[in-house]
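In my numbering, the protein residues as written are 1 to 148.
In this text, a Cβ means the ideal position worked out from N, Cα and C, and glycines have one as well.
Accompanying notes for the structure given below.
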Amino acid sequence: MGCSAPDGNGLTSTGKTLVSIAIIGALIAAGRIKRVLIVAPLSILGVWEDEFKRFADFPYQLVVLNGTIQKKIQQLRFLTGEGVHVVVVNYESVWRMEKELANWHPDLIIADEGYKIKTHNTAVSKAMHRLSLLARYRLLLTVMLMVK
């Protein structure tokens with residue numbers, strides 16, 4: 001599945017988060033997903049929570065994993081409730097929590113700012129690759145500036 005959401009000049013928001021939420025909604029409506037793992041840089045984790053509140057028109061439970069690795073593992077274990085379960089975590093935590101995230105069995109993994117995993121021999125990139133093999137759906141979000 002591929003998509004593009006250009007904004008005209010490449011300098012402002014491209015709508016990647018909104019398009020991703022729409023894709024999640026479509027997959028939920030088709031009965032294809034129950035768990036979503038979103039991996040993003042630490043500086044934008046809260047954006048996902050804000051955008052879900054603003055745009056998601058389907059039942060969901062979302063947690064932004066924060067604190068120590070042990071606290072993040074507890075947050076993951078105790079995620080309950082109706083609707084799709086959405087976990088948002090930063091790249092640095094992925095390789096540290098790889099086993100727990102794999103055991104959580106995400107149906108969809110979204111890698112926001114995908115340039116973070118372009119170097120194939122880093123711990124983060126390797127962990128993301130292994131996790132992606134377990135998910136039915138994968139979405140890599142990135143921006144390529146186009147210069148005229």
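Among residues of its own chain, excluding the 5 on either side of residue 73, which ones have a beta-carbon nearer than 8 Å to its beta-carbon?
Closer than 8 Å at the Cβ level, and outside the excluded window around residue 73, lie 97, 100.
As a quick exercise: from 51, 29, 95, 75, pick the residue whose alpha carbon is nearest that of residue 83.
Per the Cα distances, 29.
DSSP beta-bridge partners for residue 90?
40
Give the straight-line distance between the Cα atoms of residue 35 and residue 67, rounded to the nearest whole angstrom.
For residue 35 and residue 67, the distance between alpha carbons rounds to 22 Å.
Nearest residue (CA-CA) to residue 40, options 70, 110, 54:
Comparing Cα positions, the closest option is 110.
If you scan the stretch 57-82 from start to end, which runs of the alpha helix (DSSP H) of 4 or more residues do you find wholly inside it?
69-77
Can at least three beta-carbon pairs, one atom from the stretch 76-91 and one from the stretch 50-63, be found at a separation below 8 Å?
Short answer: they touch.
Proximity of residue 131 and residue 94 at Cβ, strictly below 9 Å:
yes
Report the option in 117, 81, 78 whose CA atom is closest to the CA atom of residue 92.
Checking every option, the nearest Cα to that of residue 92 belongs to 117.
Please state the DSSP three-state secondary structure of residue 30.
In the structure shown, the three-state DSSP call for residue 30 is coil.
Provide the residue(s) that pair with residue 84 in DSSP beta bridges, ordered along the chain.
60
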